[in-house]
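For what it's worth, numbering that gives the first Met the number 0 labels the leading residue of the sequence shown as 0, then goes sequentially.
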Amino acid sequence: MAEITQPATILAVTDLTLHVRQIVLKPKTSKISFHPGQWVSLKLPVGPKPPLNRAYSMADPSSPYGELTLVFDRVSGGLGSNYLYELRSGDEVLLSGPYGNFILPPQPLDQELLLIGRYTGLVPMRCLLKQMLFSKIQTPVLLIALAPNENEVLFHQEWLTTALQYPSFRYLPLVAQNGESEAVEKTLAMLAPLVKEQPKVAPMLCGTKAFVRPLRTFFTEKGYDRKEVKTETYD
Ligand SMILES: Cc1cc2nc3c(=O)[nH]c(=O)nc-3n(C[C@H](O)[C@H](O)[C@H](O)COP(=O)(O)OP(=O)(O)OC[C@H]3O[C@@H](n4cnc5c(N)ncnc54)[C@H](O)[C@@H]3O)c2cc1C
């Protein structure tokens with residue numbers, strides 16, 4: 000698959016929460032086909048040595064017309080995300096991709112898929128889930144979704160609706176206001192009974208290292224091989 004750098008036009012900008020924004024953009028030179036869970040690299044004209052490369056996961060599966068949906072939060076003092084917040088419909092941004100191996104295990108999967116993400120770490124999960132529903136994949140899924148506060152529970156309505164429609168999808172939102180350590184603590188409290196003396200699940204974890212690494216350790220200490228625990232870290 001060719002991985003060229005090309006300009007993309009911003010088609011739409013939508014605020015999902017006070018601090019999280021979605022942009023839809025369309026690569027101008029060639030369509031980017033990708034697997035859900037993959038990301039593109041934006042080359043931003045900021046910083047001491049531009050371009051500044053920043054990775055963003057696709058939030059929607061590949062579309063026939065080639066638009067890409069990205070969702071990001073404004074990081075306090077962050078050069079890349081603050082630049083993205085300045086962009087408007089019609090603006091252009093350079094990008095390349097797709098990249099990454101944070102993709103679904105081969106189907107059919109005879110294990111429950113356990114997706115755990117914190118905040119914008121839920122973006123690839125959304126893409127994976129939409130693809131699974133679209134493809135009518137029957138694998139049971141438990142999604143544990145961590146939010147930094149009650150107003151920033153990403154994709155909440157969508158996942159509540161999905162849980163009502165699909166009995167094989169379970170959705171567990173958790174709010175942890177005191178950063179990654181509290182998010183890890185709350186997740187582990189949920190995980191222990193779910194994993195104890197149960198058949199192995201297929202875990203996929205996404206967020207910052209401070210969130211993902213202790214959770215990966217939890218699984219490896221329970222006897223999981225490192226390769227059985229898929230991770231994507233944002234920093
Ligand atoms: C494979 C991959 C996929 C990614 N996908 C997404 C995505 O879909 N959405 C998204 O918002 N970000 C995503 N990121 C993070 C993104 O690339 C940037 O790092 C983020 O936007 C911060 O960049 P910045 O230049 O604004 O701040 P920086 O100055 O680079 O970051 C400051 C610090 O913020 C922390 N940080 C990193 N990412 C985030 C974040 N998203 N929210 C809060 N703090 C963060 C890190 O500790 C970092 O050291 C992804 C990163 C990787 C490696």
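No residue lacks a Cβ here, since even glycine has one placed at the ideal position from N, Cα and C.
Asked	Found
Simplified DSSP assignment, three categories, for THR81	The amino acid occupying residue 81 in the given sequence is Asn; Thr does not appear at that position. ASN81: helix per DSSP, three-state reduction.
Extent of the continuous alpha helix (DSSP H) to which LYS185 belongs	178-194
Within 9 Å, strictly: CB atoms of ALA144 and GLY116	yes
Of the residues LEU93, LYS129, PRO105, GLU181, the one placed nearest ALA54, counting alpha carbons only	LEU93
DSSP state of GLU231 mapped onto helix, strand, coil	strand
Beta-carbon contacts of ALA1 that lie in its chain and below 6 Å, excluding the five residues immediately before and after	The predicted model places ALA1 with a pLDDT of 48, which falls under 50 and marks its position as unreliable; any figure quoted below should be read in that light. Correct list: empty, nothing qualifies.
CB contact flag (PHE218, GLY120, <9 Å)	no
Contact under 9 Å by Cβ, THR186 with LEU214	yes
ILE102 versus LEU204 - alpha carbon distance	11 Å
9 Å Cβ cutoff met for SER80 and ARG73	yes
Anticipated Cβ contact below 8 Å, VAL39 with PRO97, distance rounded	6 Å
Buried versus exposed, by CB contacts within 10 Å (16 or more), GLY235	No information on residue 235 is available, as it lies outside the stretch 0 to 234 that the chain covers here.
THR68, buried or exposed, once every other Cβ within 10 Å from all chains shown has been counted against 16	buried
Under 9 Å between C-beta atoms of PRO60 and PHE133	yes
Backbone CA spacing between LEU113 and ARG20 [nearest angstrom]	26 Å
Distance between LYS48 and VAL140 (C-alpha atoms, nearest Å)	43 Å
Pair within 9 Å by beta-carbon distance, GLY76 and ILE9	no
Beta-ladder partner(s) of PRO6, from DSSP	LEU93
Integer Cβ distance of LYS27 from ALA7, believed to fall under 8 Å	6 Å
Given ILE3 as reference, the closest of LEU41, THR13, ARG225, THR16 once Cα atoms are compared	LEU41
Where TYR170 sits in the DSSP three-state scheme	strand
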